[in-house]
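Shown next, in structure tokens, is the structure this report addresses.
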Amino acid sequence: MANRVVTIGGKGSALAASAVYDVAHGLSQVRIDSSALDKLSSSKLTPQSSTTRFSILPDDLSREELRAALLVSLSKLIASGASGVSPGLLNQIAHLLNENSDKSGFDLLDVSEGEFSILSNCAAALHGICAILDHLASSFSVVADFAAALACEALKADVSPFNAVDSGDGFSLKEEVAVASDLKILLNGSKFTGKLLDVSVSEIPRLHGSLREVVKSIHTRTRIELNSGIKVGSGKAAATAVIPLANALKFLGENSLSRADLILNALADSCNLRGRFEENATNFKKFVNLISKSSFESDHLMFVHHVLGFMKIVWDIITWETVLAFTSLEENSAGKSLINEVNSSNDKKREKKNKMVLGKGNAAIVQHIKEMLQSEQIDLVEELCAILDPKHPGFDALLKKIKETVESNESRRLPKLPKGTRDFAKEQMAIREKAFGIITDVFKRHGATALDTPVFELRETLMGKYGEDSKLIYDLADQGGELCSLRYDLTVPFARYVAMNGLTSFKRYQISKVYRRDNPSKGRYREFYQCDLDIAGQYELMGPDFEIVKILTELLDELDIGEYEVKLNHRKLLDGMMEICGVPPQKFRTICSSIDKLDKQTFEQIKKEMVEEKGLTAETADKIGVYVKQRGSPLELLYKLKQDGSMLLENQGSLVALNELQILFKALEKSKCIDKVSFDLSLARGLDYYTGVIFEAVFKGSMQVGSIAAGGRYDNLIGMFGTKQVPAVGVSLGIERVFAIMEEAQKDRNQIIRATETQVLVSVLGDDLIQAAELVSELWSAKIKAEFMVNKRMNKHFERTRDSRIPWWVIVGEKEMRDGTVNIKNTGTSEEFPGIPREQFVEKLQQLMSG
């Protein structure tokens with residue numbers, strides 16, 4: 015008889031999946047809170063009672079599933095306080111559950127017609143099975159991680175791919191990163207891993223991470239359904255949450271089988287185990303077929319029932335993977351210590367030599383398992399299988415040990431980066447500095463001067479400037495009565511600066527970090543650099559607009575990123591289109607934000623959004639579609655739009671835009687960069703402050719990074735901060751995405767990236783720092799980029815020049831010290847210049863480097 019008790023009813027009580035599992039398997043008894051029974055006893059009941067077959071529970075369900083269904087029914091009846099439910103029915107159900115009756119005991123219950131109607135429609139059976147699934151899945155995920163980690167050691171696998179999962183940029187699935195972290199904790203210090211490179215190992219973080227995501231989803235849905243009271247329904251919501259679990263189990267099971275097969279093939283005595291392995295593999299394939307044929311739509315309950323059965327089969331597979339890994343490690347460590355224990359012997363060196371060191375996490379868990387094994391047990395395989403069964407008395411302790419090992423390990427406390435941010439290694443910084451140098455040169459070539467502004471602004475400065483994107487502004491805590499926010503871009507601070515200082519013309523560039531409270535994804539960060547150039551002031555018509563677009567093409571050409579396209583449009587042309595199509599003025603901007611998505615979605619998707627979410631008629635949306643689907647060669651499309659009879663010529667705003675674009679396109683044609691520009695009527699740009707030309711650069715290579723630069727005219731923004739309206743136009747380069755393209759291009763071209771610009775390494779063979787200090791200081795005084803090294807071993811100096819790819823090498827050994835000379839070597843050609851007098855070596859180096 016179980017000694018644990020699950021209380022149903024009572025103030026603040028909630029039914030947990032673990033409680034459903036325990037009662038279903040006879041591990042806990044049920045008690046109904048007296049207050050719940052008192053409440054039902056005091057309600058008015060219709061005296062109608064008859065013995066009715068409790069046919070709402072299908073015969074196909076297992077005893078445990080039936081018990082789970084009865085418990086959920088009991089909980090829902092009490093939680094809902096349903097009228098017409100007698101205390102007698104509740105006591106009957108509790109009695110059946112506490113009697114631990116077999117399946118036949120559930121056939122008959124004394125229920126009235128009203129009670130039968132309630133029970134028939136509460137989807138209790140489905141929710142009960144989901145609760146069992148929920149409880150098992152959380153344990154399954156933990157055990158599967160340990161099984162995979164132990165298999166990695168048995169396979170002597172290369173686990174270096176686990177280190178590459180978390181790039182710190184938000185690209186990776188959160189749970190995928192967590193799995194990789196847990197595996198590294200289990201394998202930390204292992205002397206087994208590092209050789210076999212196999213997809214069944216490298217995919218562990220991805221597959222196990224996906225399972226964790228699914229388990230979380232099921233847990234959330236199950237918790238809601240278990241405590242939602244009586245409601246009529248099929249339980250489809252709960253069943254839908256289980257669909258991804260079937261796929262996650264399939265892929266994880268295949269992965270586990272693959273590793274188990276590799277381990278089995280390497281075992282010396284595998285013939286005795288092969289039959290059991292093949293039985294597991296056969297059962298798995300049968301259930302995969304069963305799940306694929308099971309109709310979710312026609313029978314939610316049986317689908318979830320089959321998924322529960324499938325989980326048990328996959329559990330057998332990971333159990334078998336653990337057993338094979340354990341057996342293999344025992345076989346490999348015959349006569350040696352398998353556990354990473356502290357040596358107490360006097361002959362520690364000999365014992366260390368004989369030690370087969372597991373990862374620290376795995377070693378602790380293996381030790382726990384060994385302590386659980388019965389010494390007289392002959393069949394190790396059977397005993398291990400029993401221990402890994404959730405119904406085994408020691409399973410909970412094993413599960414707790416695995417969790418504690420992962421969670422308490424010191425590796426878990428290593429610092430990590432915030433989401434959407436990155437560190438940059440020395441090679442990456444070399445690329446960034448090169449790019450910044452190119453960008454700065456282009457900006458200065460056009461007469462721009464540098465400006466820097468604070469990283470945070472008053473909140474009122476930023477709000478109302480970015481349209482729907484204003485929700486992405488990072489707000490800071492109130493400091494001294496000022497509400498501040500991190501800058502969202504560099505344009506608004508520039509406008510604030512111009513207005514605050516009363517400037518009427520200013521051409522400036524700024525390269526600084528900006529911040530956005532965005533969801534990190536590939537190519538999107540929360541902290542990133544922008545490289546801006548803006549021209550403010552009264553100039554000839556379209557002069558600044560032309561120069562800004564020209565600057566953008568120069569930047570992208572000189573950064574040598576490959577093919578790109580500058581999509582260009584005009585805000586007044588967009589507004590004219592909206593007016594012609596019948597869009598209300600108050601909806602211009604929100605409709606433009608929908609149109610701007612046409613590079614990622616079909617027009618039918620955009621139309622649905624405009625009609626169903628933003629209140630346009632289908633007719634108006636179709637009119638918009640006629641315009642925004644047009645894009646192509648700037649001058650050709652412009653002449654088409656200006657043909658006689660075009661409605662755009664009858665709208666004042668669109669006519670102004672077309673005339674301005676004609677001047678711009680002809681100027682770009684004369685500057686020989688119009689071939690990089692595309693006139694795109696769907697380009698809208700989401701920022702509210704644009705008033706004229708707008709443009710966006712898109713990379714056309716194989717790497718998907720989206721927009722790499724953007725900008726436009728904003729004639730009213732500066733006036734928002736002061737009394738003068740100062741027209742302006744600007745461009746912002748999305749440098750982070752450009753860096754990603756440049757780094758990929760370096761790899762494709764097999765180009766070597768030098769992290770330093772060091773020209774000379776001064777090597778002193780020995781331990782005389784004074785000699786090195788004198789020589790390297792002479793080089794520094796001559797403005798030569800140099801480093802020094804003092805070491806007795808020549809190979810260390812050679813490795814330094816090789817790894818850092820330093821082109822010139824000054825070597826001073828014992829002979830050179832006696833003679834007052836140095837040896838100079840060109841590391842690229844291996845040409846040597848020995849016996850150079852000390853007082854002449856700087857001049858000689860300068861001659862060699864310049865030649």
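Numbering (my numbering), first residue to last: 15 to 865. We put the beta carbon where it would ideally sit given N, CA and C, even for glycine.
In this structure residue 229 touches residue 152 by the C-beta definition: roughly 6 Å separates them, less than 8 Å.
Boundaries of the beta strand (DSSP E) around residue 21: 18-22. Close CB contacts of residue 538 within its chain, under the 7 Å cut and outside five residues either way in sequence, are with 532 (chain order). Nearest neighbour of residue 828 by Cα position, chosen from 742, 522, 782, turns out to be 782. Counting along the chain, the unbroken beta strand (DSSP E) around residue 500 starts and ends at 498-500.
Taking every protein chain shown into account, the CB of residue 794 has fewer than 16 other CB atoms within 10 angstroms, so this residue is exposed. Going by beta carbons, residue 525 and residue 543 fall inside the 8 Å limit. Membership of residue 703 in any alpha helix (DSSP H) is not indicated, and neither H nor E is assigned to it by DSSP. Secondary-structure assignment with DSSP links residue 320 through no beta bridge to anything. Residue 601 and residue 490 have their C-alpha atoms spaced approximately 31 Å apart. For residue 463, DSSP records a beta bridge to 522. With fewer than 16 other beta carbons inside 10 angstroms of its own, residue 844 counts as exposed. Of the candidates 74, 253, 22, 155, the residue whose Cα lies closest to the Cα of residue 91 is 22. Judged by beta-carbon spacing, residue 505 lies beyond the 8 Å limit of residue 551, meaning their Cβ atoms are not closer than that value. Between the beta-carbon of residue 497 and that of residue 530 there is about 18 Å, and that puts the pair past the 8 Å contact cut. DSSP, reduced to helix, strand and coil, places residue 800 within a strand of the structure shown. Within its own chain, the residues whose Cβ lies closer than 7 Å to the Cβ of residue 304, once the five positions on either side in sequence are excluded, are 320, listed in chain order.
Only residues of its own chain outside the window of five on either side were considered, and among them 588, 698 have a CB closer than 7 Å to the CB of residue 606, listed in chain order. Contact between residue 692 and residue 579 holds, since their C-beta atoms are separated by about 5 Å, short of 8 Å. Sequence-distant Cβ neighbours of residue 792 in its own chain, meaning closer than 6 Å and more than five residues away, are 856.
Here DSSP, grouped into helix, strand and coil, assigns residue 820 to coil. For the pair residue 599 and residue 666, the Cα-to-Cα distance works out to about 15 Å. Here residue 619 is exposed: its Cβ has fewer than 16 other Cβ atoms, across all protein chains shown, within 10 Å. In this structure, the alpha-carbon of residue 313 lies about 23 Å from that of residue 328. In this structure, DSSP gives residue 578 an extended state, which the three-state scheme calls strand. Of the residues 562, 646, 749, the one whose Cα lies closest to the Cα of residue 449 is 749.
Secondary structure note for residue 195: its alpha helix (DSSP H) is the uninterrupted segment 188-201.
When DSSP states are grouped into helix, strand and coil, residue 827 belongs to the coil group. As the crow flies, the alpha-carbon of residue 371 is around 42 Å from that of residue 541. In the displayed model, residue 782 falls within coil according to three-state DSSP, outside both helix and strand.
Remark: C-beta atoms of residue 164 and residue 340 approach each other more closely than 8 Å.
Annotation for residue 593: the continuous alpha helix (DSSP H) segment containing it runs 585-595. Residue 728 counts as buried, since at least 16 other C-beta atoms from the protein chains shown sit within 10 angstroms of its C-beta. Nearest Cα to residue 40 within the set 108, 557, 316: 108. Cα atoms of residue 821 and residue 800: separation of roughly 11 Å, rounded to the nearest angstrom. Each residue's CA atom was taken as its position, placing residue 413 and residue 200 some 14 Å apart.
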